[in-house]
Each structure stands twice: as C-alpha cells, then as structure tokens.
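Step one of this worksheet: look at the structure below.
Protein chains in written order, with this note's numbering: chain Y, 2 to 429; chain A, 2 to 429; chain U, 2 to 429; chain F, 2 to 429.
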C-alpha cells in the first residue's frame, strides 16, 4: 500500500480553495437545465440518477475528508450507507440498481447537503498548513475528491443523455447544435518505431493509482490513424453490412449484436430513410464529419477488422500521446458532442477530447501496481477484470481532467459513454 | 356490443358538473403531500408513476369524451400514445414498464394538461341537454371517466406506498396513526341457505360491464366469518410455521413463497424481534386488532386452509352483501389503513371498506357477458384470465365507488394492493 | 377427507390382475420404438424424460401400495425421493427441471425396477379378498395407480413428440400416416335448453377426486358445434391475420403471441410456402380435414372470438356429453394423430378422443370438494389455480381412461398436449 | 493470414497414421465406461454431450480434410450443420445449448460415423507424399485435427464429471482412488530476474496460432511458488472466511460468489461436518495434500490476495517453464484427479499436468498475431475477450498435448475444468 505522492503536498492552498469552489460550481451548472424529475430517474441499472451523483460526490468529501475530523457533524448519518457507491470497508452501500427508487431526500435536500459539506470543507482548506503528514494526506484527498467529482460530471452527462434518449419525445438538455457540416480531413497513418518504451505516471501532479507505476513495455513498430473514425467512415461499415457479418466480430460481440438487435451506433435513429443522431441538444441529422460516438468496444473491434486494421494497445496510444499537449474539445466548450477534426494539422489530431478511444488492452494492473492505502484501495483495483481501457477523454470530460497516462475503462459492450475509435496497424 | 344503460342518461347535469369537479379535486389532494420526484418514479413494472396516473386519467376524458368533438384541440398530440394505457384500438401505447423513464413532460406540465382538459370538459358538461343518443353517450362516458379516475386514485395510493416502502429511510406520506390498540371482536359464523340466487348488476346506477348481466347461480348452504381476519389471527399462522408448510398451499403458491422468500405479509418488518408494519404514515408497531392487509391470494388461500376453512366464492360474497348498506372505512377517512372492526354489531361487519377480500373465484365473464361497444370493449374483458376476484373495497377506495356487485381483480401473487381475507365454510 | 368410494371395493380381483398386467404392458409397448437416448432427455422443464415416466409410475405403486406392506423390500431406497413427482408428504422430490440430468439408473435398471414392482404387486393382487377396509383401500389404490399410469402414457407421448420436434432432422416415432385427405363434414350448431342441471361424478366406477361431488349448476340456453374446428378452419384464421390482431386476444395471450413469436399452432411448419405438420410419424403436409391440434387455450379463445363464438364452459360440455357413449379415436388406434370427423352422423361427433377440448372454465374445486385422504390429497387439489379445464380425451389418451365427468387441466399457454377446440355460443 | 508452418510438412507419414489411430482409439476408450444415456445429456449450456464430442471431432476431419476431396461422400450430409461447433464460414451451426436434445442419430450411429470417417482418413494418410503444398496442408490439418481431438478428450472428461455431479446418487466413472493421504512438501519461492525475454512458439513442432508469433516481453523480477496450492492451503482460506470477505475479491468476482452462493471449490461437499470431494471416481474425503482443483479465476485471484501474493502473468509462467521438461501427471495415468506434489525435488514441480494454472493475463492476441488462413481463422482468434489464460495442462489433459507456450483460456467464473492455482509475487 502506498502513501500519497509528494506532489499533492505541494499544491498551494489558495488555488485548492479556488479549484474546489470552481469544480463544485461546475457540477451545479451541469444540473441547471434539469428538473427534479430529470434528476431522480435511473434509466438503467448501470446508470445513476443525477441526484445520486450530486449526493455521492458530496458523500465522498464527507467520508474521506470531513469524516476524519472528530468535530464534524454529519449532515444526516443515514447518508453514510445511502450514498456510498461501492466501498465495502465503509459500510453496506445501498443497492446500485435501486438508486432511482429513493425519492427522499429530495433534490432540494441534496442541495442542502452539498452546501453543508461545502461550507465545512472550505473551512478545512482555509486552515492552511501542510506541515504534517496527516494534513498532507487531507490535501491530497481533497485533490482526489475533485478528480472524483470530475469523473462524475462526465458520468452525469452520459446518464442524462441516456435518460432523455428513452423518452419518445426526444427532449433536449442543451441549446441546438449547428446542422450544416463541412468536410473532415482524410486520415493518414503516423508510424512509430517502438522498442523498449516507458508508460505510466510518475513525477509531480495528481494521478490515479491505476496509472502507476511507470514501467517498461516492449513495442513492435506500429502506426496510428491521424484522426478518429468519423460517422461517414462508419456509415460505409453499416452499408457494407458490417453488423451482419460474424466473421468481422469477436464471437461474444456478435452474440450481443444478435441478441440486442444492434445495427448502428447507440443513438443513431433512422427516420424516413435518413440517419439521425440523438444528442444532448436533441435529435438532428447525422453529422458525417464528426467522430463516430457511442460505439461499444465490440463494434470498434469489428470496424477495425473490416478496415484490415486493429485497435491500438494502450501502451501504443500512451507512447504516441506522451509528447503531445493535452488540448482538445472537452466539456468546457459546452458543445457536449464530438466535432470534425481540425484541418491543416499534419500530426495526430483529436488524441485528447471529442471521443474516448477504445484500445485493445484489457484493464489490468500495471507491473508492481499497488492500490492506494486504506479504504481508497477500493477506488480502482477491484474493477480490473472484463473491461477494456479507453484513452484520451471526450467532449464530456472536464477540461484539465485527463492526461496521457489516464486510463478509463468499460466493459466491451458499453455504448452510453462518449466512445469512439482510432485505428492502428503494424508497421515495419 | 351494448349501448350505455339508460340510467346514465338520467343523472342530472348539475350534479355531474359538481361530481366531476370534486373527483378531479380529490385526485389533486392525494398528490399534495408528494414532491415532483415522488410523482416520477415507477417502483416496479406493475406499478405506475403518480404523474402517469395524473396524466392518464386526463387522457381518458380527452380521448373518449373530448376526442369526439371536432372542435376540441388536443393539449399535445403526442400524449395520445404516451398516456394510453392499453387500448390497442386507440394506438400504440407507450411501454408500460418504461412509464417511469418519461421525465418530460414534467409534473407541472401534466398539471397544465389537467387544467386544460378540465376546462374543456366543464364546458361540455355545462352545455346541458341529454336529448339525443350522442349526448347521452357522452354523459355516460363522463360517468365512466369518473369511476375510472376513482380506480386510479386507489392505485395511486398503493403505488405510492410501494414506492416509499422501497426507501430504506421509510418516509411517511400521511400524518401519524395512533399506536395504542384495543381488542378486536371475536369472529362468528353467519350462515346462508343458498339455493338458486341472483348476482350481478341490473337497474339504474353506473356499473362496469364486468358486473353484468345479472344472472342465476346455484349455491349450497354456506357461512361467512363476521369480520375479516386480523393481524393477530395472521400472527398465529406465521408462528405455526404457516409459510413453511407446503401442504397448506396451492403448489404454485408455495413455489412463489420459496422463490420470493415470503415469510409474512408484504410490509411486515421485523425489528429487534417485534413485528412492525409499513403504512402510508411510516413504520409503526403492528396493530394486532386491524384486518390483515397486503396478503396475496395465495396467502389468503393457505391461511384459510390452515383454519380448516376456505375463501368465499364471489357469488356467496355478493349474495351476502346484497342486503347490506355500502358503508365502511373508505379513503375519505384519510386514515389509509385498515382498522379494528366495530364492536357490538351482531351482523357481518367490514364487508365494505378496510380491505379488499379475496374470493376463490377466478375472474371470468358472467354468462352472456357483452363488453361495452367500441374502444371501451378493452376496458375489462381482455383481462379475464389468471386473476381472482376481490370484493368490497378498502381503506384506499374512494367512498361511493364500490357496490355489492363490484368486481376487483388481481393475480394470485399480488400483494401491494390493500387486500385481506374473510373466511367462509360449507354449512348444512 | 374421504374414504375411497364403495365402487372400487366391488371390482373383481381377477379382472384387476388382468387390467394391471395389460396397462403395464401397454406402457412398455409405447417405449419400444425408443432408444435409451430418446428415453433420457427432457426437452423442456415442463416435460419429463420417458425413463422418468417409467420409473415414476412404478414408484407410485411401490409407494402407495407396496409401501404399506412391512414385508416389502424397496428395490432401491434412494428411488423414494428420486422418482417422487410432487408429494411433499412423502419426502423431498428431486428437482423437476433436472429430471433429465439423471443418467443413472440407466433405462435397463429402470426396467428391472418395473419388473421388481410388477412381481410384488401381482402377488398382492393375487391374494384376493376385499373383506376389510384396509384391503379395500389397497384395491382402490391399485385402480388409482392404473389410472395414474394411463395419464402418464399420454404425457409420455406428448413429451416424446416434443423431444423429437426439437431435432432438426424431424425423426419419426411411429409408422407413416396417410397423406391423402378427403373432406370434413360441415359443422352445425346443436342447442341445449340449459336450466338447473347436474354435473360431476357419482355412482360406481373409478373417478378422480376433482370430478366430485356431483352438484347443481344453472345453465343458460347454449349451443355447441357438432365437431371440433379443423386445420382448414384454423388456416382461415391464420390467413385473416388472426395472430396479429390484438383485439381478438386476451391481453396476456397476445403478450405470449408477441414474445414467443407464435404465428400458427405448435408443430405447424412452413416449407416452401406450404404448411406441414410435425406428427409422431414425422413431418407431413397439413391435413386440412383433421381437427386442429396443439393449440393453446389463448389461441382457442382468440379463434372463438374471431368466429363470433366462444369456448364452452365445462358444465355445458359435460351436460352435453353425459348422454353420449364414450367412443372415439383413442391411443389404441395407434394413429396418435387426430383425424377427420366421421360423415353422416347428425349429432355431436368427436366429443371423445381425437383432441382435448379447451373450455372457458378455470380449474377450480367443485362446491364441497374434498381431496382424497392422506398423502393422495396432493394428487389434484393443490393445482387448482391458473389453469383451464379440458374435456373429452385425445388420440393419445388410452381407451377407457376418460368419461363425461373427466377433467383435464393445463395453463392457458400450453401447446404440447393434444389440444383442440370446439366452439360454443349462447342460444335462446 | 498465414500458411501452415513448415514443421508440419516434415512429420513422417508413418507415425501420423499411428498417431491418428491411437488418438481416435483413446477417445473411444474414454467413452467405454459410459452408457448411451450418459453420452446423451448436456448438463449445462456450456457443456456438451459426450456423443456430440464424438461426432464433432469426427466432423472436424470430415470437413477440413475429407471435405476437400471431391471423391469423398459424406456419411450424412445433414451432419454438416448438426455437428459444426461455431464455424460460421462453414454454415449455420446447430444451437449450442440445444445439443443435448438431439437423440437421433443415436450413439451407435455416431460410432458408425466415426468408423466411416476413420476409414476414409486412413486411406488419405496412407497415400503418402508431401510433395506439394496442397498435400502438406492436408497433413498439417490432420495434425491439427488430432490436437483438436485431444482438446475434446479433456472437455469430455470435464463434461462427464459435471454431468455425474448433478446426480444425487454421485455415480463413479472410474475405479476408486486411494483414500489414505500423506503430506505435501512445503512450498518455496523460486526467483527469476526478468528483463527483456521472449515467449511464444517458434520453430518445428505443431502449435496453435494463438501461441504465435514468438515475441519480446519485458518482465520485472518475480518469484513463483514451487508447487500449486493444495486443498489444505485452500481450507485455511475457507476457514478464514475467505468467501465472505469482499475486500479480497474483484468486485465482479464477489458478486458471483454472492449470487451463486459459492463457499468452497466446485465439487467440495460437506457431509456431517467433513469436507468431501466429488471425483470421477465418486465421492471421497477431501485429500488435503492434492492441488486444489475446480476453482474459478475469481477464487484463484482472491486466494492469492489473501496470501499477500498474486497470480503469475502468462509471460512469467512461460518464461519459467521454457527450460523445464514437459513431464507431469496427465490423463494417461488414468487417475483423472490431481495428486500430491513429489517430495525431494528442489525446483518448480507440477508445472505441467495435475491442474491448469490460472494466470492474471487476459486472453489476447500476441503482437502481430495472425489467425490461420481460411475457415480455420475462427479456431481461436474470435474468442480473445473476457477470458483469462491458463497454463500447463492437467490430470485430464492427454499426455503430449501441451507445451510451455500452450495457452488455454476460460472466463473468470469457470469452475468445471481441472483448474488450480500457483502463487507468484514480485521480487527484487
């Protein structure tokens, strides 16, 4: 078990207070277009109600920061189990698929809960001083709590989108998007020589335990596509009967296609012979130039095979991304939908933002991985099976949240996240 | 197919307007203790969100009354399918188990929908005149719409109770109930000679099609218990291991007991060795004197067998009830929970109100039954299989809604309605 | 609880021995076209392996007759639970859906088991004497055991048919049937005046407890079709899109149609635009003149509604059948498939044999019904819910097994039994 | 896509004929203790009937070898789909979970099918000559067919064991095993320096495509336990409540524990307070000294964590195994159950045979992996997701079948294979 990295200790207190306030306010702003009803409903067992996200991110600070302060009085003691997600060391979490049944506390009460915890936490931060280990750990835990809240900001958007997509009236969460589309740049291959490289996080700056330790990996020469595949690229796959040809698919993937009746990405909807797309701004004609989004890992894999290509490994992806600036279309653009690649850039584009990129790598511990100490050991490690790693962040990821070493992970059949695909291939 | 009974034609217009306003207002009053979140959630596939009840009862008037008026403009045309329950002749109803996913329209919009339809309907009623068949049919349909709304008032209460019972904090919908309990009168047997009797509705006054036609039935001599079984009676069954003795149960019933893990009525909760009961007023110690409530037909049947008795047939029940006044504890008492039988009454008590009484009769068409004409043929007839008849109304039934010939019906494993049991036996 | 009816006491011993030998031999002859593999497999949870039928019918005699004799030594004590069907008073029966997993004992061992029990039972029968109550009960129990074995003979045929129908090669159990078809007589209506009639078994002769007691029922005037509906009749229903019109169906029935994808009776198979039928003699072109077979109660009900008719109640059916001889095509014809109605008969034809006829009556206890005493109370009574009564026997029923008062029963969605439909309607 | 490796071309014809005859005879000998019933039943969807294994291995030779010979006449053309496992390029395989329903062809007919194909294949082999590419491919395909048949020999044993374990009488397939147990040697750690190593198959000798190509992997220093964990080791885990402590488990693994009610390895059975084990020789007291067997990957992972250790990666395992002779207890010992490690051996023992060893490696394509060409591309590649690699073979694996580079793979919740666990840990 590890102690928090030194880096966290050094972040200046003042900026932490600001960053805390800003992150919490961002969450509130995401909720502003939603009614109490919108915030209540859980549209499937793997999604959560918005109200739950609001409460759970608050619970996280209450439990792991304030809970260590004997002087702190819990807002309501019964929230300890009610808004626990999965920390068995903390207590018995309320059943996940039944989160949507809890209509009380109301949204308004949850907002009070947020305010209560915010006030208490701000006092803690204002105390200043990082002179002892206990205090350093607290500051690091707040940093973690902010990264955690950012993760839930993205989950919240994906869950809201899924909820509204269940509604036959296709309501909008955000202002309308443009409906005139230009042309996407042609993709090109960028080659990398491989060899014995290093990936994983090290050095200053916050990172999750699953990004560590930095370690050596041997890579054969490979190439990456300059941009993610677009809706137009995907349409060619659909029209070539890609969803009906088992030879393109992993066996388990084709079984899912068959039993779920998949014939296009999630949220593609055919209306009078033309494809539309449900976005957080409602239904609109499919933008052929935007990166394809809401495809599962199974679809990404089959699409790659159909292209006589493959998905990148996470090591290939990170090796290629390490030297790039972390710039791209994130949630702060407020478009909440992927868009056309910029023209005129010779290098790899859209590595960060727009869509999460499926890799071929199973989500597994890095060599010599150690989970965080104590209760937070449960944060990542216990999910390291039957999932695939995704990289780079999306249009729904908060700006500043991801980095080259960042590992997101979902099961291969997941489609409701903002997930796309960048092709890779072997090189000489 | 039948035309509406003459009776409906004769109900005075003025009282219809009043009754309409009062019934609609009652529904609104039932909703007043609930938040938008409470009104949104569907706690199981066979329950409906309160918001849906509010909209569907409105849809019923809009579709079957206003919809026949070419001058009427629908509030929102897309509600035609969205709030249809099961009328395939009207259109394709929105999937029942997915009602809770529709967060938009909001509760506020549904309230506007109610107001819009109320205003239009009041104008129709005020027009007066029952001078033609078309107009008479309209008046009858309004009467039906009110009876329909009353049915949904009770369903709404059962659904809210089920929803709140899913919440680990056991919130209350209604003010606290008393927690001091007296003693219930001892039950006695009342005998009936039987012979060729008549049951079913005839004559003036509204009735559902499933109560008709009045017809002859031959009954052997029988006896009914003077009052429904109480919680105390049921406790003896529980303590005699009634839930663990397959020989007491229908085979299918015991399979449900086993797979669902039933060991007491729904909403009985053991806390530190004592039985409590979840009520619409929250959790409280079990009242031993009140009629047992929230038992399935399977449990009622096993309990009767354990008592060396049986459930009454619906013909026996109706024959016994025909001569009694329709008086009892209905929803207008605002207790919303069954209570102890009155002392000092020599006859059958609590035949009406308190708890619906399971009969041994399958829900089947009466001889020469004809469903209503047109779209309303779907109201009752298509549900006549795999359900049992219940009689007498409950503490959640609107006062004035039931009568001796009234037939309620649910599957044998249903427990979330306000259902209890009155014993019967053969007599000489 | 009742003692066995006097009638059983009076059946002459000699004929009992003969009847026992003949019935047991008939079972063996039914198995002769089957391999050990055919006898092993359980094709669905509600079917049983043939080997199980062979063992269970033997177990019945061993348990209820020989088991009362202290001198009898069980063939293998572990069969007591292994071949118990559902008698909880006897012990814990082996899980029904897992019967097909028991490959040992082998078919050969089960045959030895049969021989062992046959020998012991023949000795018991040969003892003669019915002079005391104990002995009379034993003779009656043997009679019951034979009726029980006959029931399993029919179940065995239905289960074998279902098993072979799962095989993509469509193998045959019996010799080929003719494939030239004549014409079925036109159906006519036969009217009955109704009134206060009596149904149910009384008097000498074996009957199941569920056929008793004889009791009064009041019937309105009604009419029955002279013959069951034919495949040709049903084809008209199919071609009129009967399976796609929800207004013809019980709501629950149409849900089954939709989720199961029903579009014709079970075992109808379309090949190159023509309907075929899987029979125990393999696949052959559909015989338009034969009674339609392997339809569920839901289908029967919808078909009747499409005909502006209804299904008979069981009381109507029995009242009409009481005066008819119990003659018809039973399993002893060895055709094991229903056939065209005889021409030139003015009355009701095919009331017995060919196909079981669905009634509209739920399977319920008759007034004052008492199950048999002791362990055998479980024979019938505990299944009296969520099933419908069928009458008259089929081409797979042993000759001599049924009578006018005989009640068969299955759930409304059952199709693998030899079930058809005779229409009824109200009369003046 | 690749052509067959040159190695296959060089295997001498004579030995191929012998090896073919011997492998096919071994399969027959495995079936000899089984009845036709035993060979018919499919005890769960992921198991197959023995009869199916017999037919499918034959189908493999018929399809991929004889099917290329225009002169060959298929035994029965309808077997092409019936005994196809999962090759969509060949045709539509008969539904996997319904394999057990096919009682015809009988076992005897399948034996004829085997003889027919054996005779035809022996003729092909005898033709001699590997002088052209076509012929070389054929010889290689026969080699593959033999490796394929060996895989099914092990599956057959695991499936038979599972089937017999469903039988409440616990019948035996093989002669009794000893029931006196000595003591297992203490485990020690063996360290490896790691660095840039190579794994994967290359050079002469048959290997599956998934073992190729040989490639570089970077390993940190690590250590392996000298022997697999024993039942005694596992008992300590059980007694320390290992199955009730979620912190030891992958989250998904603990969910399986909870929903499946796991509390010990599959086939451990508690009788009167003592643990027994179901073996192919029937039920016997648990051998504390034998390697634990029939544990899932989830259990292996939790057990390792409880030991403050981890599972080896497949690269670690292969690196350690590369220098060892492929010796161990395989199926030719006829014990069909793992046994105590040999004493007095200083090195790694039982790396081959006894039990398959779970690794922490997801089953994924090696860098630059190419599936075999044509139809056989489906052999391995399409299963490369949501499975873990196992190494080393078991007591049910045919001798000669595995090698250091051999990759077996199953989902993490699989328990019916002969699977155990060897611990690993990081080293300096």
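Where a beta carbon is used, it is the ideal one built from N, C-alpha and C, also for glycine.
Please name the residue in the options whose C-alpha comes closest to that of residue i.
i: residue 335 of chain U; options: U/307, U/384, U/398 and U/357; result: U/398
i: residue 301 of chain Y; options: Y/243, Y/409 and Y/291; result: Y/243
i: residue 206 of chain Y; options: Y/144, Y/187, Y/81 and Y/312; result: Y/144
i: residue 379 of chain Y; options: Y/257, Y/42 and Y/92; result: Y/92
i: residue 405 of chain Y; options: Y/25, Y/197 and Y/325; result: Y/325
i: residue 63 of chain A; options: A/124, A/170, A/108 and A/100; result: A/124
i: residue 221 of chain F; options: F/67, F/194 and F/133; result: F/194
i: residue 59 of chain A; options: A/21, A/352 and A/118; result: A/118
i: residue 280 of chain F; options: F/17, F/108, F/396 and F/135; result: F/396
i: residue 361 of chain Y; options: F/385, F/346 and F/347; result: F/385
So, residue i versus residue j, is the Cβ gap smaller than 7 angstroms?
i: residue 310 of chain Y; j: residue 426 of chain Y; result: yes
i: residue 354 of chain F; j: residue 382 of chain F; result: no
i: residue 341 of chain A; j: residue 185 of chain A; result: yes
i: residue 266 of chain F; j: residue 277 of chain F; result: no
i: residue 44 of chain U; j: residue 164 of chain U; result: yes
i: residue 363 of chain A; j: residue 210 of chain U; result: no
i: residue 146 of chain A; j: residue 61 of chain A; result: yes
i: residue 294 of chain F; j: residue 419 of chain F; result: yes
i: residue 414 of chain Y; j: residue 257 of chain Y; result: yes
i: residue 357 of chain U; j: residue 308 of chain U; result: no
i: residue 100 of chain Y; j: residue 50 of chain Y; result: yes
i: residue 298 of chain U; j: residue 389 of chain U; result: yes
Is there at least one Cβ from chain A nearer than 7 angstroms to residue i's Cβ?
i: residue 253 of chain U; result: yes
i: residue 38 of chain Y; result: yes
i: residue 355 of chain U; result: no
Looking at the C-beta of residue i, does it have a partner C-beta in chain F at a distance below 7 angstroms?
i: residue 104 of chain U; result: yes
i: residue 413 of chain Y; result: yes
i: residue 44 of chain U; result: yes
Return no unless some Cβ of chain U is closer than 7 angstroms to the Cβ of residue i.
i: residue 384 of chain A; result: yes
i: residue 57 of chain A; result: no
Please list the partners that residue i has in chain B, where partner means a Cβ-to-Cβ separation under 9 angstroms.
i: residue 261 of chain U; result: Protein chains Y, A, U and F are contained in the structure displayed, whereas chain B is not.
Does the ligand ATP have even one heavy atom less than 6 angstroms from the beta-carbon of residue i?
i: residue 313 of chain A; result: Because no ligand of any kind appears in the structure shown, any question about the ligand ATP cannot be addressed here.
Any C-beta of chain Y sitting closer than 7 angstroms to the C-beta of residue i?
i: residue 273 of chain A; result: no
Would you check if the stretch 231 to 249 of chain U and the stretch 289 to 299 of chain U touch, i.e. whether three or more CB-CB distances between them fall below 8 angstroms?
yes
Check whether the stretch 148 to 168 of chain A and the stretch 80 to 96 of chain A are in contact - that is, three or more C-beta pairs closer than 8 angstroms.
no
Mind listing which residues of the stretch 154 to 174 of chain Y have their C-beta closer than 9 angstroms to chain A's C-betas, in chain order?
164, 165, 167, 168, 169, 170 and 172
If contact means a Cβ-Cβ distance below 8 angstroms, which residues of the stretch 96 to 126 of chain F contact chain Y?
none
Against chain A, which members of the stretch 56 to 90 of chain Y pass a CB distance test of less than 8 angstroms?
79, 82 and 83
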